[in-house]
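Residue numbers (our numbering): 18 to 474.
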Ligand code: ARG
């Protein structure tokens, strides 16, 4: 018998039950649902709406259901419609009459909104702690590699020398912005909609602020229609997740490239790689590829929920039940990817000599060579042309600029002197880029210090 069946003449069709039941996915809200009910019952008693005895029975019953659900002792039968109905019917089964008073002054519309607020807030905390772990690892690695030269790229062509520490700190900045976005999503989740009722509040003298306080939520929603129909806080999280996955996916792409024989910049730990069933030599960067691939499904989750919400009239509509699978999938995917990628990075080995040689062989110091000539009085455009010719020469000779003798260099410009070798050494090139945000080792170390200060503020 359905809890709402009073006005119905016959039972719902089995097909109908299967179609609208959400228990298969909203069962994961059981703890939030029960905690919300505990706070609601406590408030109902404080406001004189239910008796002390009823409240005590409800609290005791809910506590036991929570324990049993945590212990896996309760099934979530497919015909129980949703988690709210299931908890309430088990409660009434166990404690009788008092169980039927729990839902006084409440609708499943504000109840489910509250559950999602609580769940999303916890999710934000979990995400922040995984992002923090990633950030701590990046700061540690960046400090270690502040002076290790590698080529920086544009168009995936070797461009100018940077350091590995500098490169890693770029990701620190991206994940820092992700943390700020998740923090914002957390603030949006940190609101209690309970008391919005089905749509227009309730005539009972509820104490909304008390319930919010009991649940550790900072404020109550300001409009009952909005309270039950707002899912922005889930969209805030899914947007943050989409951008966060985009960042992670770029990092993945670099790990895929860097672990190839062609680059050889990194060796991934065997524990985070896979082999091929046919080709014995293969070691594949599956973690990075899968995380890159899963980015699409998180974007999909965001699009799904944005599309569910567009065009919905106020206030609650059953369409909104679709928020859950999108949100759950988006958060599960982001958390899983963040976690495993961090461990893959922690166990990876950077091949510093290969990075260094690659910067050397790729004319990454060509700009510095032109700047050297400028300092000797050659106009920049002329210097650019001179070094361009030098590079063409080196390409036919298959050597680096600084492998040429001073006599040969002088054939290209008489401005070259013996101090050119030091001026265009990779170490000098990197050290000279010492503006705020630059790759000079001392700048990277300063950025690392700032990074720690930000994380620990
Ligand atoms: N399972 C529903 C959901 O997730 C709960 C709210 C149902 N409200 C209603 N008026 N039918 O949205």
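By construction, the Cβ of each residue, glycine as well, lies at the ideal position given by its N, Cα and C atoms.
Residue 337 has its Cβ nearer than 7 Å to a heavy atom of the ligand ARG. Between residue 66 and residue 122, the gap from beta carbon to beta carbon is short of 8 Å.
In chain order, 66 and 122 place their CB closer than 6 Å to the CB of residue 221, counting only its own chain and leaving out the 5 sequence neighbours on each side. If only complete runs of 4 or more residues are kept, the stretch 35-69 shows the alpha helix (DSSP H) at 40-43 and 47-63, in order along the chain.
Here the distance from the Cβ of residue 125 to the nearest heavy atom of the ligand ARG is below 7 Å. DSSP, read as helix, strand or coil, puts residue 350 in helix. For residue 128, the enclosing alpha helix (DSSP H) has its first and last residue at 125-161. Minimum Cα-Cα distance from residue 371 among the listed residues 458, 255, 278 and 229 corresponds to 278. The continuous alpha helix (DSSP H) containing residue 244 extends over residues 241-246. In the displayed model, residue 453 falls within coil according to three-state DSSP, outside both helix and strand.
When only Cα atoms are considered, residue 292 and residue 368 end up about 21 Å apart. In this structure, the CA atom of residue 164 is about 46 Å from the CA atom of residue 233. Ranking 425, 338, 464 and 388 by CA distance to the CA of residue 126 puts 338 first. Judged by DSSP in its simplified three-state form, residue 425 adopts helix. For residue 471, the number of other beta carbons within 10 angstroms of its own is below 16, and it is reported as exposed.
Just so you know, the alpha carbons of residue 435 and residue 450 end up roughly 22 Å apart.
If you look at residue 170, you'll find it in the beta strand (DSSP E) that goes 166-171.
Excluding residues up to 5 positions away in sequence, 156 and 189 lie with their Cβ nearer than 6 Å to the Cβ of residue 468 in the same chain.
Excluding its 5 nearest sequence neighbours in each direction, residue 211 has C-beta neighbours in its own chain below 6 Å: 127, 131 and 228, listed in chain order. When the beta-carbon positions are compared, residue 217 and residue 241 come within less than 8 Å of each other. With a cut-off of 7 Å, the C-beta of residue 136 is classified as distant from the ligand ARG, since no heavy atom of the ligand falls inside that distance.
Three or more beta-carbon pairs drawn from the stretch 105-114 and the stretch 76-91 are found closer than 8 Å, and the two stretches are therefore classed as touching. Looking at the DSSP output, residue 301 shares a beta bridge with 291. In this structure, the C-beta of residue 57 stays at least 7 Å away from each heavy atom of the ligand ARG. Apart from the 5 residues on each side of it in sequence, residue 244 sits with its Cβ closer than 7 Å to the Cβ of 127, 130, 210, 213 and 238 in its chain, given in chain order.
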